Structures are given as C-alpha cells and as structure tokens.
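Okay, so here's the structure we're looking at.
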Amino acid sequence: MITVVIPTVGRATLGDTVAAVGPDVPVIVVDDRRGGPPLGVPRHVRVVRSGGKGPAAARNAGWRAADTPWVAFLDDDVVPEPGWAEAVWKDLVDLPGDVAGSQGRLVVPLPSWRRPTDAERHTAGLSGALWATADMAYRRTALEAAGGFDERFPRAYREDADLALRVTAAGGRLVKGSRRTVHPVRADGFWASVRFQRGNADDALMRRLHGPGWRHAIGGAPGRLRIHALTTTAGLASAALATAATLARRRAPGMLGARSWERRMPGSMPARGRGGRVPGLIRVPGRGLRLRWGRPGPGLVEAARVAAGGAAA
C-alpha cells in the first residue's frame, strides 16, 4: 500500500530514521551524494542514486521507483515515533479518493535551559508548517499528475510547498494525519542566519509561479527579508566586536573610521531606513570601538571573516 522514500546526503542520522520505520514497510533511500562509499543501510532497503541534483530531484527519483499507491516522504534526520508504520497505514487506508495527501505531525524539541538559536527557531517552525515533506504522504497518481517536485528548487526549501499548491490547484485535498515524527534541531552556529538568506531566491520563485498570495496559501507569515537582513548585518557587527582587537592591530581598511563604509556588504538590505545605513563598528576617540550606524563596506565583511576563523586580508 505504501513505500517510504528517504532522500539523503549521507547524514549519520539516516540509520535512526530507517530503524524507526521498521522492516515491515518498503523503504527506498535516495542517495543524493555525488559519490562516496555505499550507504550502510539494512538489506531490505532499496538504494537509488540521484547524482547530487538536490532534494527535489532525489524525491522524484524515489517516488518514480516506487510501485505502491501511496508514497510517504521522510527526511533523513527525523525519527518517526514508535508505531509510526501502523499509524501511517491507519492515516491512509480509509481516505476518500479526492484526498491526495496526508501530513504527519512534526514534533520539534527545543532546549528549555536557554534561548533557542536562529537555526532552532527556524526548525521549530516546521511543527506548524503545512505539507512539509519531513513527513508527508502522497498518492502516486497525484504525484504523476503534478509532474512531481519542481527541480528548479535546488534546496530543501519551498519545493514541498510548491508541490502542495499544484496538487490542491488540480483539485486534490491535503489532510493531516495522526502519526507523529520527531524533527531534531541542528547544532548550527552563528552563520545559520546568513545561510537562511539563500532561501530568498526560492521565495522569489514561489512568487513567480504562484503569485503574490502564495505565503497566505501555505499558511505562512508575510515576508521579512529586509528585517532579517538587518538583523543578520547587526549580528555580523556583533561578531566583529569579538575580534576588534585583532583588526585594530592589523588596521583593517574600512573598519576604523566613521566615514569608511563606502560599499554595501553583499547580500545586505537595500539602502533604506536610516539613510541607507546599517550597524557596524567605528573607533570613537577615547572610547575605543563602538557599534554605530553607517554605510557598510569591506571592513565589516573582513570582520565577519575573521570572526569565523579566517584570516584577514
């Protein structure tokens, strides 16, 4: 009745995901690495290679290799709760014919002893997200009719929402099931905020494909690109404070001086708000380095690079 498809790039967590599904359900693991040794998976698991083309292409390779009426997608870092195989069967067995998909319930455990990081807050949003393929089952006929995942989405971001919008536009209903899957948070550090900005290109593609109302259609909040960019730039400046002494000794160009930010940092927010200024570091006579507003330049970029462990130019 159902095949489980798990795309992977060889994460160490893959074994836990496969073990949680159990041996009684057909499992196809799609190896999306460009090379490397064979994956260490149980013998009952079928492995398909997709050549490093990204998660959308990997999922397409997986469901096309399946021959069951339903295909359930799992991420390679989730852990289905005990009894998941029976629970997904119960979620699907009595669904009417117009239901094209069933979503599992994602549980994201956050630390209770400290404030969550940007990466942890980002992952926690999955617990309320619609149609996330961390645990999402589709009828194979619905996948065929929609043409599968759009491989123009190169990252694990928005490709699942795009498919859901196309399936529902064709008349299919998507429902929530009762099965539960734990999605752990990643141990990402400071650069998580910077990496998240790469998803802006996927948001732009969603708007082009589905119009300006696409966020509302998937239950999302209005875009916060400019606010996020400002927050990230402020974070870069804060990280630079930790290496200010090093930069002062090296007299990094563009770092010291109130009028030294003549170039905008790549990927930063447009020159709006406070006269096109963003937060950064300047030397205040008698007071050392201080965080101030100005026009960002190469010094801020260099500070961030040194803070990340690289060498100053």
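Here the sequence shown is numbered in the UniProt record's numbering, starting from 1 and rising by one per residue. The C-beta atom is built at its ideal place from N, Cα and C for all residues, glycine as well. Remember, it's a predicted structure, so these values are computed and weren't measured experimentally.
Comparing C-alpha positions only, which one of the options sits nearest to residue i?
i: residue 140; options: 25, 128, 64, 30; result: 64
i: residue 184; options: 111, 45, 168; result: 111
i: residue 315; options: 78, 58, 27; result: The question about residue 315 has no answer, for the chain in this structure spans 1 to 313.
i: residue 130; options: 165, 52, 15; result: 165
i: residue 90; options: 137, 66, 19, 152; result: 137
i: residue 148; options: 73, 35, 34; result: 73
i: residue 69; options: 152, 142, 151, 87; result: 142
i: residue 102; options: 108, 109, 71; result: 71
i: residue 52; options: 34, 44, 45; result: 34
i: residue 151; options: 45, 44, 50; result: 50
Quick one: using the 10 Å Cβ neighbour count with 16 as the cut-off for buried, is residue i buried or exposed?
i: residue 1; result: exposed
i: residue 42; result: exposed
i: residue 84; result: buried
i: residue 114; result: exposed
i: residue 314; result: Past the boundaries of the shown model lies residue 314; the chain is included only from 1 to 313, so the question cannot be answered.
i: residue 178; result: exposed
i: residue 159; result: buried
i: residue 353; result: Residue coverage of the chain in this structure runs from 1 to 313, which leaves residue 353 outside it and unanswerable.
i: residue 12; result: exposed
i: residue 169; result: exposed
i: residue 93; result: exposed
i: residue 104; result: buried
i: residue 19; result: exposed
i: residue 10; result: exposed
i: residue 67; result: exposed
i: residue 167; result: buried
i: residue 221; result: Legend: pLDDT at residue 221 = 48, less than 50; position of this residue unreliable, value from coordinates given subsequently. Looking at its Cβ environment, which holds fewer than 16 other Cβ atoms inside 10 Å, residue 221 is exposed.
i: residue 17; result: buried
i: residue 108; result: buried
What distance in whole Å lies between the Cβ atoms of residue j and residue i, which are believed to be in contact at a cut-off of 8 Å?
i: residue 366; j: residue 181; result: Outside the displayed span of the chain (1 to 313) sits residue 366, for which this structure offers no information.
i: residue 145; j: residue 75; result: At roughly 24 Å, the Cβ-Cβ gap does not stay under 8 Å, so residue 145 and residue 75 are not in contact.
i: residue 7; j: residue 55; result: 5 Å
i: residue 40; j: residue 22; result: Going by Cβ atoms, the distance from residue 40 to residue 22 rounds to 17 Å, so no, they are not a contact pair.
i: residue 25; j: residue 5; result: Incorrect: roughly 11 Å between the Cβ atoms, too far for contact.
i: residue 87; j: residue 106; result: So it is not a contact: roughly 14 Å between Cβ atoms.
Practice item. Could you pull out every unbroken beta strand (DSSP E) segment of at least 3 residues lying fully inside the stretch 77 to 108, listed in chain order? Key: 99 to 107
Review point. Does the pairing of the stretch 156 to 174 with the stretch 98 to 112 give three or more beta-carbon distances under 8 Å?
Key: yes
Practice item. Note down, one range per segment and in chain order, each alpha helix (DSSP H) of at least 4 residues found wholly within the stretch 152 to 179. Key: 159 to 169
Practice item. Could you say if the stretch 22 to 37 and the stretch 55 to 62 meet the contact criterion of at least three C-beta pairs nearer than 8 Å? Key: yes
Check your understanding: Can you list, in chain order, the stretches of the alpha helix (DSSP H) that have 4 or more residues and sit fully within the stretch 28 to 86?
Key -> 55 to 65
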